[in-house]
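Participant: Numbering (full-length UniProt numbering), first residue to last: 1 to 129. Just so you know, even glycine gets a beta-carbon here, dropped at the ideal spot from N, CA and C.
1) Checking 8 Å against the spacing of the C-beta atoms, do residue 121 and residue 35 come in under that value?
2) Per DSSP, which one or two residues make a beta bridge with residue 4?
3) Counting C-beta neighbours from all protein chains within 10 Å, is the total for residue 83 16 or more, i.e. buried, or is it exposed?
4) Skipping 5 residues on each side, what residues in its chain have a beta carbon closer than 8 Å to that of residue 119?
5) Would you mind reading off the limits of the beta strand (DSSP E) that contains residue 25?
6) Distance, Cα to Cα, residue 39 vs residue 51?
7) Do residue 5 and residue 78 have their CB atoms nearer than 8 Å?
8) Going by other Cβ atoms of all chains shown within 10 Å of its Cβ, with 16 needed for buried, is residue 103 buried or exposed?
9) Can you round the beta-carbon distance between residue 115 and residue 3 to whole angstroms, since I take them to be within the 8 Å contact cut?
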């Protein structure tokens with residue numbers, strides 16, 4: 001659970017008060033790829049958002065990667081990746097003859113990626129508030 005709490009803190013540092021963000025907001029830094037943050041659902045206790053790079057001029061293009069759907073739990077101050085699309089191909093990945101993407105391992109990897117990605121975005125100077 002510690003990773004979920006750190007992800008929450010990282011997102012708060014990137015976004016400020018997440019509940020007050022507009023439906024869509026873009027962070028653009030000089031020489032960098034724009035980042036789109038779109039709010040998909042906002043309730044009293046949770047916010048669900050999508051975070052992705054904008055590799056194309058239009059935000060309706062769905063070939064942006066990674067597409068990370070993140071649920072933020074305001075009451076427990078945690079954030080977790082609930083859906084993702086990261087691979088460029090749909091090849092089945094195996095490691096030592098075993099399926100790599102067991103549910104628990106996949107969730108851990110995606111939340112670890114969110115931790116590293118939000119840290120990187122902050123170091124680059126991205127902000128959404």
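Facilitator: Let me lay it out:
1) Mapped onto the chain shown, residue 121 falls at position 121. Mapped onto the chain shown, residue 35 falls at position 35. Yes. Within cutoff.
2) Counting from 1 along the chain shown, the entry for residue 4 is found at position 4. None; residue 4 has no bridge partner.
3) Locating residue 83 in the chain shown gives position 83, counting from the first residue. Counting other Cβ atoms within 10 Å of its Cβ, residue 83 stays below 16 and is therefore classed as exposed.
4) In the chain shown, residue 119 corresponds to position 119, counting from 1. Excluding sequence neighbours, residue 119 sits near 10.
5) As a first step, residue 25 must be located in the chain shown, where it is residue number 25. Start and end: 24-27.
6) Counted from its first residue, the chain shown places residue 39 at position 39. Counted from its first residue, the chain shown places residue 51 at position 51. In a straight line, the C-alpha of residue 39 is about 9 Å away from that of residue 51.
7) For the purposes of this step, residue 5 is identified with residue 5 of the chain shown, where counting begins at 1. For the purposes of this step, residue 78 is identified with residue 78 of the chain shown, where counting begins at 1. Taking 8 Å as the Cβ cut-off, residue 5 and residue 78 qualify as a contacting pair.
8) Your numbering for residue 103 matches position 103 in the chain shown. It is exposed - the Cβ of residue 103 has fewer than 16 other Cβ atoms within 10 Å.
9) Reading the chain shown from its first residue, position 115 is the one you call residue 115. Reading the chain shown from its first residue, position 3 is the one you call residue 3. Rounded to whole angstroms, the Cβ separation of residue 115 and residue 3 is 6 Å, and the two are in contact under 8 Å.
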